[in-house]
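Chemist: In full-length UniProt numbering, the protein residues as written are 1 to 363.
We put the beta carbon where it would ideally sit given N, CA and C, even for glycine.
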Ligand SMILES: C[S@@+](CC[C@H](N)C(=O)[O-])C[C@H]1O[C@@H](n2cnc3c(N)ncnc32)[C@H](O)[C@@H]1O
């Protein structure tokens, strides 16, 4: 019975703007109990316990048991309240930990994984209304704390969701089915109108291409899910090679970077928090122009209040070379050498900049 469900024992802070209740097809989930504004902190939670370096594969049963034994009686009761998607108890302690853990990258404990009782009650959405940003964005809270922030205004009564993996922003609906370990029932995956699905798929395909282009051919993990031989991240082969070789003009990168929030916004995935991050990054890119006219245009872009206006202004940079192009390309190349896998560096640096994105003729 719902009233006697073990989740009722989970301690939710009195001032929390959410409640835990069943949600069709998704077990239980967190629902807003009042209107939540965009970019509002929804929850900050300390782990019940942490386990180090899960990147080293090993059985965890014993480690989890030792941690659970260390807990006081009340916390043990909280831990044993956990259920597999709100229904059956977990068969093992390890299974309970794995289903309710968060990684702590960005905190002072980047190699640890944390058991978070409440944070892990929020369900996933491919068009979420909340997010769990890198904890380094919240320097004033406990360094182990994980924070959930709204990513758009959330009306009272709405389910609060976040994206379990950022790669879903860059995947079409069919591809997302491969990436998620469950049959996603979120509003983006449940759309029935084929035109809407088509447009959403197009936007997400464009997003991963733009993202890969501005990040020198590296994408945010989409290539782990899709077959890039038949379905390349950047479709145009010349542009793809140019991105991998860091041969993209700075003006082209700047325009493409400005386009990303516009597409995210059209897809319903741009809130104040994310927009602020893109603003800061665009400001940093603007400082890298060395030709005064380009720097002036970039400044004009930054003065625009909305992303579409910024993009409109950024197009004035189209096809403009910059005195800093070679320097910026060399810096990107260096960065790529540091962060990329050797296989990503298969394309050899040619030294020439691609001045215009190459458009292949379409029959
Ligand atoms: C960490 S739990 C989330 C809370 C869980 N619903 C509960 O009742 O405790 C993750 C599990 O919730 C379910 N889930 C989360 N988001 C979902 C979604 N969008 N569609 C379907 N199931 C979802 C999946 O079974 C997933 O493995």
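For residue 76, which of helix, strand or coil comes out of DSSP?
Modeler: Correct three-state label for residue 76: helix.
Chemist: Please list the terminal residues of the continuous alpha helix (DSSP H) segment that includes residue 150.
Modeler: Not the alpha helix (DSSP H): residue 150 falls in the beta strand (DSSP E), residues 146-150.
Chemist: Using beta-carbon positions only, say whether residue 112 and residue 50 come within less than 7 Å of one another.
Modeler: Going by C-beta atoms, residue 112 is nearer than 7 Å to residue 50.
Chemist: So which of 85, 300 and 308 has the shortest CA-CA distance to residue 182?
Modeler: Nearest option by C-alpha distance: 85.
Chemist: Taking only three categories from DSSP, how would you classify residue 313?
Modeler: Residue 313: helix per DSSP, three-state reduction.
Chemist: Per DSSP, what are the beta-bridge partners of residue 22 in this structure?
Modeler: Residue 22 pairs with 28.
Chemist: Put residue 140 into one of helix, strand or coil per three-state DSSP.
Modeler: Looking at residue 140 - three-state DSSP - the assignment turns out to be coil, as it is neither helix nor strand.
Chemist: If we count the other Cβ atoms within 10 Å of its Cβ and call it buried at 16 or more, is residue 137 buried or exposed?
Modeler: Per the 10 Å Cβ criterion, exposed.
Chemist: Please classify residue 17 as buried or exposed, where buried requires at least 16 other C-beta atoms within 10 Å of its C-beta.
Modeler: Answer is buried; the Cβ neighbour count reaches 16.
Chemist: Taking the straight line between their C-alpha atoms, what separation do you get for residue 345 and residue 214?
Modeler: Low confidence applies to residue 345: its pLDDT is 42, below 50, so where it sits in the model is not reliable, and the reading given next is rough at best. Near 16 Å, if we compare the C-alpha coordinates of residue 214 and residue 345.
Chemist: Under three-state DSSP, which class holds residue 269?
Modeler: Coil, per DSSP.
Chemist: State the DSSP-derived secondary structure class of residue 102, mapped to helix, strand or coil.
Modeler: Residue 102: strand per DSSP, three-state reduction.
Chemist: In the DSSP assignment, the alpha helix (DSSP H) including residue 196 goes from what residue to what residue?
Modeler: Note, residue 196: alpha helix (DSSP H), 194-214.
Chemist: Could you tell me whether the Cβ atoms of residue 222 and residue 167 are closer together than 7 Å?
Modeler: Yes, they are a contact pair.
Chemist: With DSSP run on the structure shown, which of helix, strand or coil describes residue 53?
Modeler: Coil at residue 53, not helix or strand.
Chemist: May I ask whether a heavy atom of ligand 1 can be found less than 6 Å away from the beta carbon of residue 26?
Modeler: Checking every heavy atom of ligand 1 against the Cβ of residue 26, one is found closer than 6 Å.
Chemist: Does DSSP classify residue 165 as helix, strand or coil?
Modeler: Three-state result, residue 165: coil.
Chemist: Can you give the beta carbon distance from residue 82 to residue 65, rounded, assuming they're within the 8 Å contact cut?
Modeler: Contact doesn't hold; Cβ gap of about 15 Å is too wide.
Chemist: Mark residue 149 as exposed unless 16 or more other C-beta atoms lie within 10 angstroms of its C-beta, in which case mark it buried.
Modeler: So residue 149 ends up on the buried side.
Chemist: Residue range of the beta strand (DSSP E) that residue 41 falls in?
Modeler: Segment 41-45, the beta strand (DSSP E) holding residue 41.
Chemist: Looking only at its chain, what residues have a beta carbon closer than 6 Å to the beta carbon of residue 207, apart from the 5 residues adjacent to it on each side?
Modeler: Hits under 6 Å: 170 and 263.
Chemist: Looking only at its own chain, which residues have a Cβ that is under 7 Å from the Cβ of residue 107, when we skip the five neighbours before and after it?
Modeler: So the qualifying residues of the chain are 135, 143 and 144.
Chemist: Where does residue 133 fall in DSSP's three states?
Modeler: Correct three-state label for residue 133: coil.
Chemist: May I have the straight-line CA-CA distance separating residue 3 from residue 9, to the nearest angstrom?
Modeler: The alpha-carbon atoms of residue 3 and residue 9 are separated by roughly 10 Å.
Chemist: My assumption, with CB atoms under 8 Å, is that residue 258 sits in contact with residue 187. Please give the rounded CB distance.
Modeler: That pair is no contact at about 28 Å.
Chemist: Residue 114 lies in the beta strand (DSSP E); which residues open and close that run?
Modeler: Run containing residue 114: 112-115, per the beta strand (DSSP E) assignment.
Chemist: Thinking C-alpha only, which one of 300, 118 and 307 is nearest residue 102?
Modeler: Taking only the C-alpha atoms, the option nearest residue 102 is 118.
Chemist: Please classify residue 350 as buried or exposed, where buried requires at least 16 neighbouring CB atoms within 10 angstroms.
Modeler: Only weak support exists for where residue 350 lies, its pLDDT of 44 falling under 50; the value from the coordinates is given anyway. Residue 350 is exposed by the Cβ-count criterion.
Chemist: Does DSSP put residue 363 in a helix, a strand or coil?
Modeler: Note that residue 363 has pLDDT 41, beneath the 50 cutoff, so the model's placement of it is unreliable and no number is given.
Chemist: Where do the N-terminal and C-terminal ends of the alpha helix (DSSP H) with residue 295 fall, by residue?
Modeler: Looking at the DSSP string, the run of the alpha helix (DSSP H) that includes residue 295 is 292-303.
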